[in-house]
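Here the structure comes first, spelled out in structure tokens, and everything after it is commentary.
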Amino acid sequence: MYLAIATTAVFAFMAIVMIFVRMRASRKPASVKKIILPPFFMSTGALMFLFPMFQISWLQVAEALTVGIIFSIFLIKTSKLEFSDGEIYVKPSKIFPVILIGLLVIRIIIKLIIGTSISVGETSGMFFLLAFGMIGTWRIAMLYQYVQLTKKQSA
1 MYLAIATTAV FAFMAIVMIF VRMRASRKPA SVKKIILPPF FMSTGALMFL
51 FPMFQISWLQ VAEALTVGII FSIFLIKTSK LEFSDGEIYV KPSKIFPVIL
101 IGLLVIRIII KLIIGTSISV GETSGMFFLL AFGMIGTWRI AMLYQYVQLT
151 KKQSA
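Written out as structure tokens, the structure reads:
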């Protein structure tokens, strides 16, 4: 029980930090590297699945990734890239922090619900995949939008 509370608190803290990081990132030009690197660095967390405590079934993998992809739609819709001063920037959205906080609350509620029926390790594995599916899909959409803008600018 204490482990579940601790992991939820750490997750909530990380999500709040992410909101501030995203707000500051909109002040600097976007690049392919800045779009691709976060999911790449996050992927190292998949090493958790080497340990039996974190291993989950393929059905749980599919469920977590599907929910992550669905959640990413909200991030994709509120993340727009635009040209400014000859560079591409992420256009700040006033609703973006609200979306992130809403997704945080939904994820915590889901975690509390499923945390009563599966182990903390399995829950951690599923929520890692949920986050990876969400961030990976969002960043792929951003990369696509970035490439489209660079083609449009060069034409």
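Residues in the sequence shown are numbered consecutively from 1, following full-length UniProt numbering. From the three backbone atoms N, C-alpha and C, an ideal C-beta is built for every residue, glycine too.
Determine, using beta carbons only, whether residue 60 and residue 142 come nearer to each other than 7 Å. Translated into positions along the sequence shown, residue 60 becomes position 60. Translated into positions along the sequence shown, residue 142 becomes position 142. Against a cut-off of 7 Å, the Cβ pair of residue 142 and residue 60 comes out as no contact.
Could you give the distance in angstroms between the alpha-carbon of residue 105 and the alpha-carbon of residue 155? Position 105 of the sequence shown, counting from 1, holds the residue named residue 105. Position 155 of the sequence shown, counting from 1, holds the residue named residue 155. If I take the Cα positions, the gap works out to 43 Å.
Which of helix, strand or coil does DSSP assign to residue 33? In the sequence shown, the residue the question calls residue 33 occupies position 33. The answer is helix: DSSP assigns residue 33 an H, G or I state.
In chain order, what residues of the same chain have a beta carbon less than 7 Å from the beta carbon of residue 31, not counting five sequence neighbours either side? Position 31 of the sequence shown, counted from the start, is the residue given in the question as residue 31. Result list for residue 31: empty, nothing under 7 Å.
In chain order, which beta strand (DSSP E) runs of at least 3 residues are fully inside the stretch 70-136? 80-84 and 87-91
Would the beta-carbon of residue 68 fall within 7 Å of that of residue 128? As a position in the sequence shown, residue 68 is number 68, starting the count at 1. As a position in the sequence shown, residue 128 is number 128, starting the count at 1. No.
Rounded to whole angstroms, how far is the Cβ of residue 42 from the Cβ of residue 135, which I believe are closer than 8 Å? By one-based count along the sequence shown, residue 42 stands at place 42. By one-based count along the sequence shown, residue 135 stands at place 135. Indeed they touch by this definition, with Cβ atoms about 6 Å apart.
Is residue 48 near residue 40, with beta carbons less than 7 Å apart? Here residue 48 corresponds to residue number 48 of the sequence shown, with the count starting at 1. Here residue 40 corresponds to residue number 40 of the sequence shown, with the count starting at 1. Not closer than 7 Å, so no.
Between residue 153 and residue 79, what straight-line distance do the alpha-carbon atoms span, to the nearest angstrom? To locate residue 153, count along the sequence shown from 1; it is residue 153. To locate residue 79, count along the sequence shown from 1; it is residue 79. Computed Cα separation, rounded: 19 Å.
With DSSP run on the structure shown, which of helix, strand or coil describes residue 55? Here residue 55 is taken as the residue at index 55 of the sequence shown, counted from 1. Correct three-state label for residue 55: coil.
Find out if the Cβ-Cβ distance for the pair residue 72, residue 116 is shorter than 7 Å. Stepping through the sequence shown from its first residue, residue 72 is reached at position 72. Stepping through the sequence shown from its first residue, residue 116 is reached at position 116. Contact: no.
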